[in-house]
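To start, the structure itself, in structure tokens.
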Amino acid sequence: MAKKEEYIRKPEWLKIKINTNKSYNRLKKLMRDKKLNTVCEEARCPNIHECWSERKTATFMILGDTCTRGCRFCAVKTGLPNELDWGEPERVAESVEIMGLKHVVVTAVARDDLKDGGAAVFAETVKAIRRRVPGCTVEILPSDMKGDYESLHTLMDGKPDIFNHNIETVRRLTKRVRARAMYDQSLTLLKRVKEIAPNTPTKSSIMVGLGETKEEIIEAMDDLLAHNVDIMTIGQYLQPTKKHLNVERYYHPDEFEELKQIAMEKGFRHCEAGPMVRSSYHADEQVNETSAQRRIKYMQGYESQGEKLDNVKF
Numbered sequence: 001m002a003k004k005e006e007y008i009r010k011p012e013w014l015k016i017k018i019n020t021n022k023s024y025n026r027l028k029k030l031m032r033d034k035k036l037n038t039v040c041e042e043a044r045c046p047n048i049h050e051c052w053s054e055r056k057t058a059t060f061m062i063l064g065d066t067c068t069r070g071c072r073f074c075a076v077k078t079g080l081p082n083e084l085d086w087g088e089p090e091r092v093a094e095s096v097e098i099m100g101l102k103h104v105v106v107t108a109v110a111r112d113d114l115k116d117g118g119a120a121v122f123a124e125t126v127k128a129i130r131r132r133v134p135g136c137t138v139e140i141l142p143s144d145m146k147g148d149y150e151s152l153h154t155l156m157d158g159k160p161d162i163f164n165h166n167i168e169t170v171r172r173l174t175k176r177v178r179a180r181a182m183y184d185q186s187l188t189l190l191k192r193v194k195e196i197a198p199n200t201p202t203k204s205s206i207m208v209g210l211g212e213t214k215e216e217i218i219e220a221m222d223d224l225l226a227h228n229v230d231i232m233t234i235g236q237y238l239q240p241t242k243k244h245l246n247v248e249r250y251y252h253p254d255e256f257e258e259l260k261q262i263a264m265e266k267g268f269r270h271c272e273a274g275p276m277v278r279s280s281y282h283a284d285e286q287v288n289e290t291s292a293q294r295r296i297k298y299m300q301g302y303e304s305q306g307e308k309l310d311n312v313k314f
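In UniProt numbering, the protein residues as written are 1 to 314.
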């Protein structure tokens, strides 16, 4: 761990105003009442208030709150997970309905203790959301499931609107940043999804500020495109605690804009890049046309009845 004087002070553009308004607080209480976990909270996402209160999106973290891996960038706790909770998919779906969400990201802790990596619970969660809120678009963000591609078929049986799996960093830094995950295995997983479901958008994300070079970032873009990835997000790595990897440098917003332009020119269908961008940032804008039309049709009928949250007692 670096000495105290080696830590880099955060620049002004990374200082955000926390907006804990009434809507946000009600949603947070709902999460606790339903015994649900969100990566928005666990990963200390800086965009949580915008997503929950304004954009009607949220990222649910299923399969418990304890990860079997210990990646050096991640704030989620590591240890031995509890038994599977098969009531969780229905609770997630019920919360999506109550909150009136238009787009949901379903992610999970890595469950290397399970043969299928939790794929069956993932698929059931997507199906439960579809039953309760047919127009809500659903994105899934699983681990690499140790490269078990039979589990990938189980996972895709839920027919998500977007498949997201993050390579997290450039090839050279993968071993240092990610626990047990392999750069090429992640790329292969993304490519296999396209083979299973050619019309489903695939997506991946990297963090910058860990010591990578611009050339390595561009190489990562090329690697993702070579594996048929449609969407890329690029955000600033922020050190969650002193026990985690140090920030090597902070990228200026202008540098993120340049990286976004490069990504789009190279052929990505969509790219989000910025200091506060995280994998699920503005995810509701990234679905394909078929999914978007289904959501629009549903939300028009939903909103004509008034916001459901106004009728819910917490």
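Cβ atoms here follow ideal geometry from the backbone N, Cα and C, with glycine treated the same way.
Whole angstroms is fine: what's the gap from residue i's alpha carbon to residue j's?
| i | j | result |
| --- | --- | --- |
| A179 | G70 | 6 Å |
| I8 | T78 | 27 Å |
| D85 | E248 | 39 Å |
| A119 | F163 | 13 Å |
| E12 | I206 | 22 Å |
| A197 | C271 | 21 Å |
| E42 | E124 | Reliability fails at E42, whose pLDDT of 49 lies under 50, so the model's placement of it is uncertain and the value that follows must be treated cautiously. Cα-Cα distance, rounded: 23 Å. |
| L190 | E258 | 25 Å |
| D254 | L14 | 13 Å |
In the DSSP assignment, what residue or residues form a beta bridge with residue i?
| i | result |
| --- | --- |
| G274 | G235 |
| E208 | The sequence shown places Val at residue 208, rather than the Glu named in the question. Bridge partners of V208: Q236. |
| K203 | N164, I231 |
Mind checking whether residue i and residue j have CB atoms under 8 Å apart?
| i | j | result |
| --- | --- | --- |
| A110 | T68 | yes |
| D230 | F268 | yes |
| K297 | G135 | yes |
| A108 | I62 | yes |
| Y251 | Q239 | no |
| A220 | V170 | yes |
| E97 | V133 | yes |
| P160 | V126 | yes |
| L245 | F73 | yes |
| D116 | S151 | yes |
Can you look up residue i in the DSSP assignment and give me helix, strand or coil?
| i | result |
| --- | --- |
| T188 | helix |
| I217 | helix |
| E248 | coil |
| I162 | strand |
| V138 | strand |
| M61 | strand |
| T68 | coil |
| T241 | coil |
| H153 | helix |
| K194 | helix |
| R269 | coil |
Ignoring anything shorter than 3 residues or poking outside the segment 75-115, list the beta strand (DSSP E) runs there in chain order. 103-108
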